[in-house]
Amino acid sequence: MKREGFEGQRAIILPDSVIEELQDNPLTRSIYLTDIGYYPRAKFHYRIREKGCGQYILIHCVHGEGWFSVNGVRSQISSGQYFIVPRGEAHAYGASEHRPWTIYWVHFTGDLAHHFGQRSGRVLPAPPVATMGTDERLRLFEEVFRNLEMGYSLDNLNYANICLQHFLASYRYSSQFQKAQADNGENMTDKVIRHMKEVLPESVSLDDLAHLSGLSSSHFSLVFRKKTGRSPMDYLANLRIQKACQLLDHTDKKIKEIAMAVGYPDPFYFSRIFKKTMGITPGGYRKQPKG
3 MKREGFEGQR AIILPDSVIE ELQDNPLTRS IYLTDIGYYP RAKFHYRIRE
53 KGCGQYILIH CVHGEGWFSV NGVRSQISSG QYFIVPRGEA HAYGASEHRP
103 WTIYWVHFTG DLAHHFGQRS GRVLPAPPVA TMGTDERLRL FEEVFRNLEM
153 GYSLDNLNYA NICLQHFLAS YRYSSQFQKA QADNGENMTD KVIRHMKEVL
203 PESVSLDDLA HLSGLSSSHF SLVFRKKTGR SPMDYLANLR IQKACQLLDH
253 TDKKIKEIAM AVGYPDPFYF SRIFKKTMGI TPGGYRKQPK G
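If you count the sequence shown from 1, you need to add 2 to reach our numbering.
Listed below in structure tokens is the structure:
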């Protein structure tokens, strides 16, 4: 497993000997991966390949922002979007300086790779598909990754690359994939709330949450308010204050550290929001007897 300096990152680069096995294997030679990884909040992430790459590269942005350039044509990418770098073309890509992306990525090739790379060089939406509390598409990614982590036995390689085909098909045939998963999905509002809890320390916009729901911002806000009685951003603010209360109760963290931990870089603004919500300052709340 290769580490490049992003906290929480995971990456696997297959050895050349394993790639040769995949090329010769009738079960995998049509589509197989060579590299796969996950980079959370990948600040300063940057790649340039002036002579291109021998594989297609799929990059799915799940949070933050970034950019990519193919043959000098530059495009922006944000949460809920993906792009595929075409095989053999000069390219570069990188994270936004102010809102660095969190990405899942995979290098793939094979006799039929062009079929899954037909949309390469364009920014495309990656509609979320929920099932049993997780995005089914990213569950497939994890299935591939975990099996490769267990080693490069023939069975592991076969299974991982068969799962890879399903993973790639979820992008190439996103409409069919969505329909197949729709009846199994959790409630959209519940999914968004779960996501809110996972990204409390991060800067989150209404557009970010709407991307996750697959709806326009205005439609998403109406649906969310009907379900919860609050606007999405009010609900997020309440979750942040709830988490701040827990940290005040159960840790010795300084108030400015707690503010950062729940998504408020400005501790004075955090204190104003906290008092508006709780009727008391963070320091006063901490001193209150509980129980």
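Glycine residues also receive a C-beta, built at the ideal position from the N, C-alpha and C atoms. This structure is a prediction, so every number in the text was calculated from the model and none was measured.
Contact check, residue i vs residue j, beta carbons under 8 Å
{"i": "residue 278", "j": "residue 269", "result": "no"}
{"i": "residue 205", "j": "residue 265", "result": "yes"}
{"i": "residue 94", "j": "residue 61", "result": "no"}
{"i": "residue 59", "j": "residue 38", "result": "no"}
{"i": "residue 291", "j": "residue 250", "result": "no"}
{"i": "residue 56", "j": "residue 92", "result": "no"}
{"i": "residue 11", "j": "residue 41", "result": "yes"}
{"i": "residue 202", "j": "residue 241", "result": "yes"}
{"i": "residue 190", "j": "residue 243", "result": "no"}
Close Cβ partners of residue i (< 8 Å) along its chain, the five nearest in sequence each way excluded
{"i": "residue 214", "result": "81, 82, 130, 193, 194 and 197"}
{"i": "residue 168", "result": "142"}
{"i": "residue 98", "result": "66, 67, 68 and 69"}
{"i": "residue 255", "result": "249 and 263"}
Secondary structure of residue i, DSSP reduced to three states
{"i": "residue 92", "result": "coil"}
{"i": "residue 14", "result": "strand"}
{"i": "residue 40", "result": "strand"}
{"i": "residue 1", "result": "Since the first and last residues shown for the chain are 3 and 293, residue 1 lies out of range."}
{"i": "residue 146", "result": "helix"}
{"i": "residue 60", "result": "strand"}
{"i": "residue 46", "result": "coil"}
{"i": "residue 80", "result": "strand"}
{"i": "residue 101", "result": "coil"}
Beta-carbon contacts of residue i that lie in its chain and below 7 Å, excluding the five residues immediately before and after
{"i": "residue 21", "result": "36"}
{"i": "residue 154", "result": "20"}
Neighbourhood of residue i by C-beta distance below 6 Å, restricted to the same chain and skipping five residues each side
{"i": "residue 24", "result": "30 and 34"}
{"i": "residue 170", "result": "118"}
CB contact check: residue i to chain B, cutoff 8 Å
{"i": "residue 216", "result": "Absence of chain B from the displayed structure is noted, only one protein chain being present."}
Whole-Å CB distance - residue i paired with residue j, under 8 Å assumed
{"i": "residue 43", "j": "residue 104", "result": "6 Å"}
{"i": "residue 106", "j": "residue 146", "result": "Wrong, their Cβ atoms sit about 10 Å apart, outside the cutoff."}
Item checked: Those runs of the beta strand (DSSP E) which lie wholly inside the segment 153-178 and span at least 3 residues -> Here no run is fully enclosed.
Item checked: Every unbroken alpha helix (DSSP H) inside the segment 218-291 [4 residues or more] -> For the segment 218-291, whole alpha helix (DSSP H) runs of length 4 or above, ordered along the chain, are 219-230, 234-252, 257-263, 269-280 and 284-289.
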